[in-house]
Amino acid sequence: MDRSKHNDIVRHASAMADKASFVADDFAQALFPRTDVIFNDRMRSNAQQYLRSVVGQIEQRICIIATQDLGVSQQVLLGIAQGGDGQSYAMLEQSGLLKAPEIVQHLFVKTQQSELAARLLQKISQEDLESTLTRHLDHEDPAVAEAAMGLLIAQSKTTGAAGQIAASLADLPPEIAYAFAWPVTAALAKLSGFSGPQLQQATERLLAAHDESAGVARKAERLAQLLDQSEAEKNSIPHPMRDGLTLFVARLARQSGLTSDQIVAFTAEPNMARFVVVMRAADFPVQEALSIFAALDGGDHILTAATYGETDRDRCLALVSRWASPDAYQNAERLLSDDFLDIQRK
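If you count the sequence shown from 1, you need to add 38 to reach our numbering.
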């Protein structure tokens, strides 16, 4: 056997031995998931694609700042800055640094957004979907027209092929940009062997210049606010086929007091139960709620008029109010509940 191949096998076997203790954990998670949310193959593929794209964009931007602004001339960093293939993703994936809870939660929401977009395109043409925003370009209020144009431009930077996901750094909340940037910086330092302070300085500059207001979510929130204030629109019921997915989510989030991420996450749950509760709390008419459910559902689930109409609105309002509380408060409330404390005492 070729000696180099023999050494590769030895190194591979050694690496497998290091990870062997985690096999049972992986298998248990596959056999006994802790939620009823189903992750299909397209979602898994999109998640990996999105992660690679974000890491690649961040590492290239850091290298550009380091080499062009801070005078670093290290060859690996120069190559990445000039568009060469980066290597941070493989290292970060193997290390487990991409499994940080905040990164995974962000990834889940982005992947589910892409899933909803794919479902919507099965029920409405791309042309009709685009017209949901272009109709606001002639709005009598110049601020609405300007906000609609801003959202159109932001969305154009994150629109991939049907069923695929695209990444834009502007769409990263500051805490997510931070969670990605520093592990990427550490990986670049290891890959390049460069020990100078310029890499960290480049990352600090990247984070300082990060402008979340240029992203799709903030543009959608701005347009949703203006439409709610508009006499012609403020009483209209949001609908993904009339507003487009992003604006619909922003409008519903604004009406319910929840975040856009929560609204998207609720649509991934079985029968979209929490999403239905949000619509009922917002007092959406029956036919509108059924139509919205049908537009976003990815399976054969059916929401009936009887089920929706008989759902107690006061209870829904109470639930939505609870879900709107800060996560830390909700978690503390759960841990302090009588049922949880009774279990802990046993």
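Backbone N, C-alpha and C fix where the C-beta goes; we use that ideal spot for every residue, glycine too.
Using a 10 angstroms sphere on the CB of P276, the tally of other CB atoms reaches 16 or more, which defines it as buried. Around the beta carbon of S294, 16 or more other beta carbons lie within 10 angstroms, which makes this residue buried. Taking the CA atoms as reference points, D123 sits about 55 Å from D350. An exposed status is given to D107, since fewer than 16 other beta-carbon atoms sit within 10 Å of its beta-carbon.
Comparing C-alpha distances from L171 to each of E250, I191, D266 shows the shortest one belongs to I191.
Rounded to whole angstroms, the gap between the alpha carbons of S91 and R72 is 29 Å. Sequence-distant partners of A208 (beyond 5 residues in either direction) whose C-beta falls short of 6 Å from its own C-beta, in its chain, are A252, G253. For D74, the CB contacts under 8 Å within the same chain, skipping 5 residues up- and downstream, are E307, P308 in chain order. G121 is classed as exposed because its beta carbon has fewer than 16 other beta carbons within 10 Å across all chains shown. Taken in chain order, the whole beta strand (DSSP E) runs of length 3 or more contained in the segment 118-178 number zero. Secondary structure at S274: coil, using DSSP grouped into helix, strand and coil.
Comparing C-alpha distances from P139 to each of N78, A62, S163, F218 shows the shortest one belongs to F218. About 17 Å separates the CB atoms of V324 and A311; that is not less than 8 Å, and the two are not in contact.
Sequence-distant Cβ neighbours of F286 in its own chain, meaning closer than 6 Å and more than five residues away, are P276, P278.
Below 8 Å, enough C-beta pairs join the segment 216-232 and the segment 135-150 to call them touching: three or more. Closest in C-alpha terms to R82, from the list L130, Q150, L290, A247, comes Q150. A residue is called buried when at least 16 other Cβ atoms come within 10 angstroms of its Cβ; E371 does not meet this threshold and is exposed.
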